[in-house]
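See structure below.
In this note's numbering, the protein residues as written are 117 to 281.
So, in structure tokens, the structure goes:
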């Protein structure tokens, strides 16, 4: 009787472990972890995959954004087209829980703009160009209409703001 219970318990555990498979969570047309302005003129960098896994023993959960960032870093881009997101739960306490992101990595103009491009950046004569650094250390190119500058010069409102670095 004891052996039958042990075999039955092992069988149930194996059956439950087989149910824990990788599941497709979402299909997205475009996915990015940071703001992008447009896909116009984006360079296709190829298909890449990112994965973030954590062991069940530690009690930590994996992060989908981290999986996306790893795929974007591998492809040297800043957005992903036709992204597919998978979640793989742990089948036992010794296994890992994972987020996987697969898709076509692209490099948009936001990432392509270099500081040397600012000199040749054509601006309409109706705009004032300004560059400044934010408190978090990023540099920005800002454009403001001249009519707005004359009316309220001390206000920090811009018509176009591009992150340079």
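Virtual Cβ for every residue (Gly too), placed ideally from N, Cα, C.
{"query": "What residue range does the alpha helix (DSSP H) around residue 191 cover?", "result": "180-191"}
{"query": "Taking 8 angstroms as the limit between beta carbons, can you name the residues of its chain near residue 172, skipping five residues before and five after?", "result": "206, 208, 209, 210, 211, 212, 213"}
{"query": "So, at 8 angstroms on beta carbons, what are the nonlocal neighbours of residue 146 in its own chain, with the 5 sequence-adjacent residues on each side left out?", "result": "155, 195, 196, 197, 199"}
{"query": "Nearest CA to the CA of residue 71: which residue from 150, 174, 153, 189?", "result": "Residue 71 is absent from the structure shown; the chain starts at 117 and stops at 281."}
{"query": "Go to residue 196, then tell me how far its beta strand (DSSP E) extends in each direction, as first and last residue.", "result": "195-204"}
{"query": "Determine the closest residue to residue 218 out of 161, 165, 157, 121, with distance taken between C-alpha atoms.", "result": "165"}
{"query": "What residue range does the beta strand (DSSP E) around residue 160 cover?", "result": "159-171"}
{"query": "From what residue to what residue does the beta strand (DSSP E) around residue 144 run?", "result": "139-147"}
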